[in-house]
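Residue numbers (the numbering used here): 1393 to 1494. All residues carry an ideal CB built from backbone N, CA and C; glycine is no exception. First up is the structure itself, then whatever we jot down about it.
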Amino acid sequence: MANSLTPQLKEVQHPIWVSVSGAAKLGGVQGKTIRRAIKSDPNLRYKIVKNRYQIELGSIIRFLHKNTKLKNKLNDSGLGQYVTGWKGQKEKEKEKEKKIDK
1393 MANSLTPQLK EVQHPIWVSV SGAAKLGGVQ GKTIRRAIKS DPNLRYKIVK NRYQIELGSI
1453 IRFLHKNTKL KNKLNDSGLG QYVTGWKGQK EKEKEKEKKI DK
């Protein structure tokens, strides 16, 4: 059963595939972190093309949101610098406001 705070995953028709170094730059982390994620996280979608990893962008963003330290790096040094609010964060904030109102 899925966590109520976890957004429902929908099938993307045209996923964006990025290299390990590209994913690291977008995430504000090192390539070693991305390679470690490939080895440890079974939910991370990747494929191998000409002996190179290609990682689906949505799955790497979900992975980086699982860990607070990685989430902070994403927001401070990575793609989060250009995003005003993540979809899941808005839902969490609304739930917090509901709890406070009660």
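Sub-8 angstroms separation of residue i and residue j beta-carbons
i: Pro1407; j: Leu1449; result: yes
i: Leu1436; j: Gly1470; result: no
i: Ile1447; j: Trp1409; result: yes
Own chain residues within Cβ distance below 8 angstroms of residue i, not counting five before or after
i: Arg1444; result: Ser1411, Val1412
Cutoff 6 angstroms; reference residue i; Cβ partners in own chain excluding five residues on either side
i: Asp1433; result: Phe1455
Inter-residue spacing [alpha-carbon to alpha-carbon] between residue i and residue j
i: Gly1423; j: Gly1472; result: 18 angstroms
i: Ile1426; j: Ala1416; result: 6 angstroms
i: Asn1464; j: Lys1458; result: 11 angstroms
i: Lys1439; j: Glu1403; result: 17 angstroms
7 angstroms Cβ shell around residue i - same chain, five flanking residues per side excluded
i: Gly1414; result: none
Minimum Cβ-Cβ distance from residue i to chain C less than 8 angstroms
i: Tyr1445; result: Of the protein chains in the structure, only one exists, and it is not chain C.
Range of the contiguous beta strand (DSSP E) that encloses residue i
i: Ile1440; result: 1438-1441
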